[in-house]
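In the numbering used here, the protein residues as written are 16 to 603.
Report on one structure; see the data block that follows.
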Amino acid sequence: MSSLKPSILLLSLSQLGMEESNDHLYTALRQRAELAHLSTAQAAIKRLARTPTPQAVIVTDAGVTEPDNCNVLERLVSYAKGGGIVVFACQFSSFVKYDDLSAMFTVMWKLPWTAGDYGRRDLRLNRAAKCVDTGKLVQKLYTKVLQLANVSREDAIYRSANTHSRAGDTISTPAAYTAIERGRVGFIGDVNFIPEFTRVILEMCFPKHLPSTSSGPETTSPSVLILSLNKESWTEESYAQLYRGLRKNATVSEVLSANAAKHALNNSSPSAVLVTDAAIHERKHRSLLAQVIQYARAGGRVVLGLNFSNHFTLGSGPQFFSQWGFPSWDVGSYHRSTFALNPAGVPTPLNSNALFSEYSMKTLHITGINTREDAVYLPTESSHVESMVFPNVQITGSGLEESPAVFARVGDGYLGYVGDVNGEQPSIRLLIEMCGVKVKAGDLGAELRTAEVTLHPDGTVDAVKETILEKPLPVPRAPRAREAEVVARAAKRAANSRAKAVKAEKLKTEVSTRYLIALHYPTFPLGQHVVWKREVCRSSGTVPQSGIRVQTFASILDEPCTSATETRTASVLPVIACASIDQILAGY
16 MSSLKPSILL LSLSQLGMEE SNDHLYTALR QRAELAHLST AQAAIKRLAR
66 TPTPQAVIVT DAGVTEPDNC NVLERLVSYA KGGGIVVFAC QFSSFVKYDD
116 LSAMFTVMWK LPWTAGDYGR RDLRLNRAAK CVDTGKLVQK LYTKVLQLAN
166 VSREDAIYRS ANTHSRAGDT ISTPAAYTAI ERGRVGFIGD VNFIPEFTRV
216 ILEMCFPKHL PSTSSGPETT SPSVLILSLN KESWTEESYA QLYRGLRKNA
266 TVSEVLSANA AKHALNNSSP SAVLVTDAAI HERKHRSLLA QVIQYARAGG
316 RVVLGLNFSN HFTLGSGPQF FSQWGFPSWD VGSYHRSTFA LNPAGVPTPL
366 NSNALFSEYS MKTLHITGIN TREDAVYLPT ESSHVESMVF PNVQITGSGL
416 EESPAVFARV GDGYLGYVGD VNGEQPSIRL LIEMCGVKVK AGDLGAELRT
466 AEVTLHPDGT VDAVKETILE KPLPVPRAPR AREAEVVARA AKRAANSRAK
516 AVKAEKLKTE VSTRYLIALH YPTFPLGQHV VWKREVCRSS GTVPQSGIRV
566 QTFASILDEP CTSATETRTA SVLPVIACAS IDQILAGY
């Protein structure tokens, strides 16, 4: 039985209607692969997120360089880094703007390639090219081309007849092809669609082994599997900085179904799995959840974020987290507040220098955690609910023990959780750090958000967008002499202070709390009160006046005294005849 042909995507976002010019190429490709023609950005993104990925993607026009299609270009870069092949050919060189061409290769692909000269050229096959089998290509060509400049001699397939170079030189070429981490990217500048370049494109799509050109030790970038079983249409726009930061610094693949996720986990070993929604905790995905948990126990990182907290079913927390080995965990409060990094230190192996020390977010908290070991962020003693609807009450008591972001050990791996529901930039940095990916300044880029929406009577909608620049991390100051010791002591004091504050608040807020209560009895002279220790409800109001017994107090005391001979007092003291409990406590 013959094996299935590989697939090749033809990406034509501009829809120029010139496909007949490519018939020679398409006929040759169909002999070796199944072709799929995509003409929308949404279809391209969806297909590149599926597994198995295509053998190659041929970009047939310049639509991908338009600003509205930046997310498609980012996905192509990520696909290539993960082992795919991207070739810019056909009508691409005829319609691309030179500035866009240069910016695409230098900014997105991190290559020195820029737009070169344009015109008819006498070309010679470059025998120094290491990227394709030159034995199958014609020796000489004379045709009209757009050349790329600053291409390494070893990456140029053709050169001008009058160009002579040595190893290490850069030259101009109409046909460039190079390695991008585990994949490849190519460019064909032919504008006349001559058959000789069809052979070059075939060699690019079905290359021989490309040896590494690195002289140093091979470095492998992290790989992140994004699990989106119930992906919203707006997710990539709202979290554009997250996707951009990951794709620039890691090999990223995204799966949209349980079967695709199982296939990816069975056939690859990602550095991290980023779960973007709460569908994984649904009953129908039990087997996938078990596989993800096993992946974590074997040494992987699983991070729950993005829209996970938006759709997590309340009441299912203990059952869900128990499967990870955390039976005490549950979802807690839901509000906006300001949080700071754990004063006891962020969980290993997270790097606090990659995170914001403090920021505000609206979040679904996790409760029942080991705050000292597992909390990344915690409310401070001055934190309060930040709301234009609800009272801005201070966070006290058990609220100080809830965390919006945790990172805990699971077997040999880790489970991370970020409850932020709005995708704040500091939370995006935290998600990337939890995935084990390191980003540099500028990698996240600007964020485009909808600031205002106008609904017209005819049903049309106008949206006003605003650009929010990337927030730089505060530069950590080098510690002075003994400063590390001072910081350690301060962290210890802060932790002790927090523990005391929590304990004190619990004493105040428990339904039954031990207080010193002064009650007056007629058997004692006026102005004297018996000081008792009893279990008293916090809702009790004031100490009764002389000679008056209030039922709430009488019902709380075991047996009220009726004579001086039954005293069980600690002491007999003169006190004010009518005072609140807090006033009495303040005096003793």
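Where is the CB? At the ideal position from N, CA and C, for every residue including glycine.
Between F323 and D345, the C-beta gap is not smaller than 7 Å, which leaves the two residues out of contact. The residue from A143, F341, S398, E462 with its alpha-carbon nearest to that of A423 is F341. Around F405, the same chain offers H350 as residues with beta carbons nearer than 8 Å, after the five sequence neighbours per side are excluded.
A Cβ-Cβ separation of about 6 Å places T193 in contact with C146 under the 8 Å criterion. Between R168 and R139, the C-beta spacing is not below 7 Å. With fewer than 16 other Cβ atoms from the protein chains shown falling within 10 Å of its own Cβ, V408 counts as exposed. Taking every protein chain shown into account, the CB of T80 has 16 or more other CB atoms within 10 angstroms, so this residue is buried. Fewer than three beta-carbon pairs drawn from the segment 392-405 and the segment 459-471 are found closer than 8 Å, and the two stretches are therefore not classed as touching.
Inter-residue distance for M123 and E462 is about 17 Å (C-alpha atoms, whole angstroms). A contact is defined here as three or more CB-CB pairs under 8 Å, and the segment 21-36 meets this definition with respect to the segment 62-81. In this structure, DSSP gives H399 an extended state, which the three-state scheme calls strand. In the three-state scheme derived from DSSP, where H, G and I count as helix and E and B as strand, H350 is classed as strand. Secondary structure at V404: coil, using DSSP grouped into helix, strand and coil.
DSSP places R47 in the coil class of the three-state scheme, outside both helix and strand. The segment 241-266 is shown to contain no whole beta strand (DSSP E) run of 3 or more residues. DSSP, reduced to helix, strand and coil, places S367 within a helical segment of the structure shown. In this structure, V421 lies away from Y429, with their beta-carbon atoms at least 7 Å apart.
At a Cβ-Cβ threshold of 7 Å, E439 and R464 do not count as neighbours.
Apart from the 5 residues on each side of it in sequence, L116 sits with its Cβ closer than 6 Å to the Cβ of A130 in its chain, given in chain order. Taking every protein chain shown into account, the CB of A294 has 16 or more other CB atoms within 10 angstroms, so this residue is buried.
Within the model, the alpha-carbon separation for T121 versus N165 is close to 11 Å.
Inter-residue distance for L63 and T266 is about 13 Å (C-alpha atoms, whole angstroms). Here the segment 89-109 lies against the segment 196-216, with 3 or more beta-carbon pairs under 8 Å apart. Ranking L393, Y374, S372, E373 by CA distance to the CA of I381 puts L393 first.
Close CB contacts of A456 within its chain, under the 7 Å cut and outside five residues either way in sequence, are with P487 (chain order).
For K159 and P127, the gap between their C-alpha atoms comes out near 23 Å.
Around the C-beta of Y113, fewer than 16 other C-beta atoms lie within 10 Å, and the residue is accordingly described as exposed. Counting only runs of 4+ residues, the alpha helix (DSSP H) found wholly inside the segment 263-339 occupies 273-282, 301-312, 323-326, 332-337, in chain order.
With 16 or more other Cβ atoms from the protein chains shown falling within 10 Å of its own Cβ, V436 counts as buried. For K377, the enclosing beta strand (DSSP E) has its first and last residue at 373-382. H296 is a Cβ neighbour of F335, given a cutoff of 7 Å. Taken through DSSP and simplified to helix, strand or coil, V166 comes out as strand. Taking a C-beta distance under 7 Å as the contact criterion, G260 and I100 do not qualify as a contact pair.
Within the model, the alpha-carbon separation for A287 versus E251 is close to 19 Å. In the DSSP assignment, no residue is bridged to T178. If one requires a minimum length of 4 residues, the alpha helix (DSSP H) runs lying completely within the segment 97-150 are 107-110, 113-118, in chain order.
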